[in-house]
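The next block holds one structure in the form of structure tokens; read it before the comments.
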Amino acid sequence: MATNTVTDEPPELAMTRRDALKLAGLGIGSVAGLGLGVGGLRAATNGAFSAGAGDPYGLWHDWTSMSGVERVVAGGVLACNPHNTQPWRIAVDGDTIDVHSDPSRRMPLNDAGGREHFAGLGCAVENMVIAAGPAGFTAKATLFPDGTASDHVARIVLSDGGDGQDRDLAAAIPHRHTNRGPYTSAPVDLSGFTEQSSRVNGASMLWITDKAVREQLGRLYVEATEAITADTAQSTEAFTWFRSSRSSIDKHRDGLTLDGQGLGGLTLFAAKLLPAQSRKDGDAYWVKATREVHTATATAYGVITVDDVAERTAQVNGGRLLARMHLTATTLGLGLHHMNQITERIDRDHAAGNPDVFSARWAALLGRPASTGLLSFRIGHPERTPGLSPRRSLDDVVTG
Ligand SMILES: Cc1cc2nc3c(=O)[nH]c(=O)nc-3n(C[C@H](O)[C@H](O)[C@H](O)COP(=O)(O)O)c2cc1C
1 MATNTVTDEP
11 PELAMTRRDA
21 LKLAGLGIGS
31 VAGLGLGVGG
41 LRAATNGAFS
51 AGAGDPYGLW
61 HDWTSMSGVE
71 RVVAGGVLAC
81 NPHNTQPWRI
91 AVDGDTIDVH
101 SDPSRRMPLN
111 DAGGREHFAG
121 LGCAVENMVI
131 AAGPAGFTAK
141 ATLFPDGTAS
151 DHVARIVLSD
161 GGDGQDRDLA
171 AAIPHRHTNR
181 GPYTSAPVDL
191 SGFTEQSSRV
201 NGASMLWITD
211 KAVREQLGRL
221 YVEATEAITA
231 DTAQSTEAFT
241 WFRSSRSSID
251 KHRDGLTLDG
261 QGLGGLTLFA
271 AKLLPAQSRK
281 DGDAYWVKAT
291 REVHTATATA
301 YGVITVDDVA
311 ERTAQVNGGR
321 LLARMHLTAT
331 TLGLGLHHMN
341 QITERIDRDH
351 AAGNPDVFSA
361 RWAALLGRPA
371 STGLLSFRIG
381 HPERTPGLSP
391 RRSLDDVVTG
């Protein structure tokens with residue numbers, strides 16, 4: 001993941017010297033008065049004055065006033081998903097919603113086993129099932145109705161008569177965002193994640209709270225991040241999903257953006273004044289953020305476990321549980337940051353025929369085979385409000 005490297009407040013990261021020199025010449029007063037200057041133009045081009053506003057963000061604002069099947073489908077589109085690839089094609093026929101994988105939105109180097117792609121589709125399915133009840137429907141989801149080799153990931157049939165189930169989770173749909181900023185040191189009360197809400201068809205939660213284990217896991221994340229950034233092909237693929245200007249956000253309406261990186265307000269504004277960052281600078285920032293912010297302020301880690309991470313249905317069911325966990329965290333006021341560098345490297349090494357340098361240590365920290373640890377995230381009390389991520393319109397993703 002890439003973003004600019006400037007900062008205004010601890011435990012943020014130090015800005016690079018080159019960027020610091022550029023900013024030093026501006027000063028806060030000048031930043032405020034940049035309207036007509038070159039910096040102001042760049043700030044406008046990069047969306048410094050329009051974060052979270054405009055068409056790519058419309059669904060977040062419009063969702064609560066939507067109704068019927070449209071509300072259910074839009075709830076799915078607002079789900080968390082890997083690299084914001086929005087890996088779905090959706091077909092709607094009356095009260096039947098078919099969710100398909102869009103293979104053109106896979107990331108073969110960063111997600112060699114497809115676990116994140118199919119988990120992201122599971123997230124959309126679960127969001128739709130959760131959205132259905134309060135929208136007045138009972139939802140019945142069938143995974144892979146044409147078999148697991150097919151792109152047809154799920155069929156959701158809606159029938160009239162929703163119950164009150166999952167009302168709180170549904171209300172959280174437009175408020176759920178990935179939070180990559182720092183978290184406070186306050187401990188997390190995991191009792192809000194009830195046993196019942198923490199299990200979906202063979203996918204379960206494993207929580208890691210022990211300080212010593214968290215620290216070891218933190219070091220493994222940093223090492224995996226370094227391995228990704230040292231792998232030019234993998235890093236380059238990830239960089240193609242980074243949208244560094246407002247015009248590319250407006251054009252693609254997907255991918256990762258500066259607004260989603262958990263930067264402080266002034267830092268974010270300043271980052272938008274600067275020229276778009278190179279892949280290498282972005283990678284250096286990412287390693288530093290993983291070490292100094294993400295792992296340093298993780299209060300707990302959650303791992304989604306399944307019987308076999310390579311199995312398609314398990315990947316989708318793991319994603320369904322992940323969506324449920326993220327919405328539950330939102331209702332509890334907790335920040336959640338998906339972190340999958342370790343498993344991305346395990347799958348990459350396996351596919352490339354490299355020595356497997358992560359599986360044994362990942363398994364030791366989980367206390368179970370690496371082949372059962374599907375996805376992971378950190379959780380905690382956030383210091384910052386996360387930014388919105390763009391979404392393609394329903395017209396773009398719904399076919400038929
Ligand atoms: C299966 C899956 C894997 C993800 N992996 C990562 C990750 O490794 N690092 C990260 O920062 N975000 C990760 N994310 C979060 C997505 O990038 C995020 O959901 C997407 O950009 C949309 O933003 P939003 O969650 O704020 O709506 C992952 C999400 C999913 C569902």
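Just so we're aligned: the sequence shown equals residues 1 to 400 in my numbering.
No residue lacks a Cβ here, since even glycine has one placed at the ideal position from N, Cα and C.
Thinking C-beta only, is Val303 closer than 8 Å to Gly202?
Against a cut-off of 8 Å, the Cβ pair of Val303 and Gly202 comes out as no contact.
When you compare the CB positions of Val92 and Val77, do they come within less than 8 Å of one another, or not?
Contact: no.
Is there contact between the segment 133-143 and the segment 259-274, where contact requires at least three CB pairs shorter than 8 Å?
no
Tell me, please, which residues DSSP counts as bridged to Phe377.
Gly302 and His338
Considering Ala132, what are the terminal residues of the alpha helix (DSSP H) in which it resides?
Arg115 to Ala132
Any heavy atom of ligand 1 closer than 7 Å to the beta-carbon of Glu223?
No, ligand 1 has no heavy atom inside 7 Å of this Cβ.
Return yes when the C-beta of Gly260 is under 7 Å from any heavy atom of ligand 1, and no when it is not.
yes
Only counting the same chain, and skipping five residues up and downstream in sequence, which positions put a Cβ closer than 8 Å to that of Gly333?
A distance below 8 Å between beta-carbons, with the five flanking residues on each side excluded, links Gly333 to the following residues of its chain, in chain order: His381.
Rounded to whole angstroms, what's the CA-CA distance from Ala79 to Arg391? Just pull it up for me.
10 Å
Pair every Cβ in the segment 360-380 with every Cβ in the segment 246-260, then say whether three or more of these pairs are closer than 8 Å.
Cβ pair count under 8 Å is below three, so no.
Quick check on DSSP: helix, strand or coil for Gly33?
In this prediction, Gly33 has a pLDDT of 34, which is less than 50 and means its spatial position is unreliable; nothing more can be read from the coordinates.
Less than 7 Å between the CB of Met339 and some heavy atom of ligand 1, yes or no?
yes
On a Cα-Cα basis, can you pick out the residue from Thr232, Gly181 and Ile342 that is closest to Tyr221?
Ile342
Check whether the Cβ atoms of Cys412 and Gly335 sit closer than 8 Å, and answer yes or no.
Any property of residue 412 remains undetermined from this structure, which presents the chain solely from 1 to 400.
With H, G and I counted as helix, E and B as strand and the rest as coil, what does DSSP make of Trp207?
Assigned with DSSP and collapsed to three states, Trp207 falls in strand.
So, do the segment 105-121 and the segment 306-318 have three or more beta carbon pairs nearer to each other than 8 Å?
Enough Cβ pairs lie closer than 8 Å, so yes.
Can you tell me whether Glu215 is buried or exposed? The criterion is at least 16 other CB atoms within 10 Å of its CB, across all chains shown.
exposed
Can you give me the C-alpha to C-alpha distance between Ala132 and Leu321, rounded to a whole angstrom?
One C-alpha to the other measures close to 17 Å.
With which residues is Trp88 paired in a DSSP beta bridge?
Ser101
Tell me, please, which residues DSSP counts as bridged to Tyr183.
Pro382
Going straight from the alpha carbon of His350 to that of Glu344, what length do you get?
10 Å
What does Phe137 pair with, by DSSP beta-bridge criteria?
Asp160
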